[in-house]
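In this text, residue positions in the sequence shown follow my numbering: the first is 38, and each later residue adds one. By construction, the Cβ of each residue, glycine as well, lies at the ideal position given by its N, Cα and C atoms. This one's a predicted model, so the numbers in the text were calculated from it and none came from an experiment. Okay, structure first, notes after.
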Amino acid sequence: FATGREVVDFFSGYGNRGLAGVGLATLMFVWVGVVILDVAQRNPVYSYLDLLNYVLPWKWLVSLTDLIFLATLLTGVGVMTAAGGTVLKSWGLHYSIGCAGFLLLCILLLRTGGKGF
């Protein structure tokens, strides 16, 4: 779910092979999406963990994938928190205030279930 700039930067250095790589990556992305939607529609799937239990054969692999998802989520929150701090720092406020404000907004959003304040 990149902006597209990352995809261009990664593949553009390889010329025609890079263009083929973009096509292959697109096809794989679409295929995985179709498989996920198909499994979720055909089975009683109510969470991503239910989905993982359907598509992965071993319990240890489900647990490992869950840990990878958690690490990815925490990394994303860390990057976005740093970005929030940097934006407010550019406006003349302290970096820590931006980080704390962003985290507070995240907590409020999670507490309200995404339905607003």
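(1) With L56 as the anchor, note down where its alpha helix (DSSP H) starts and where it stops.
(2) Which value, in whole angstroms, describes the spacing of the CA atoms of T149 and C143?
(3) With burial defined as no fewer than 16 other Cβ atoms inside 10 Å of the residue's Cβ, what is the status of F139: buried or exposed?
(4) DSSP three-state call for K96: helix, strand or coil?
(5) If you check the beta carbons only, do L61 and V76 fall under 9 Å apart?
(6) Mapping the DSSP letters down to three states, classify G41 as helix, strand or coil.
(7) Which first and last residues belong to the alpha helix (DSSP H) in which L147 is found?
Based on what the coordinates show:
(1) To locate residue 56, count along the sequence shown from 1; it is residue 19. Start and end: 52 to 79.
(2) What you label residue 149 is simply residue 112 of the sequence shown in a count that begins at 1. What you label residue 143 is simply residue 106 of the sequence shown in a count that begins at 1. If I take the Cα positions, the gap works out to 10 Å.
(3) If you number the sequence shown from 1, residue 139 lands on position 102. Buried, because 16 or more other Cβ atoms sit within 10 Å of the Cβ of F139.
(4) By one-based count along the sequence shown, residue 96 stands at place 59. Note: K96 maps to helix in three-state DSSP.
(5) Taking the sequence shown and counting its residues from 1, one reaches residue 61 at position 24. Taking the sequence shown and counting its residues from 1, one reaches residue 76 at position 39. Between L61 and V76, the C-beta spacing is not below 9 Å.
(6) For the purposes of this step, residue 41 is taken as residue 4 along the sequence shown, with counting starting at 1. Reduced to three states, the DSSP call for G41 is coil.
(7) As a working note, residue 147 is residue 110 in the sequence shown. Start and end: 132 to 148.
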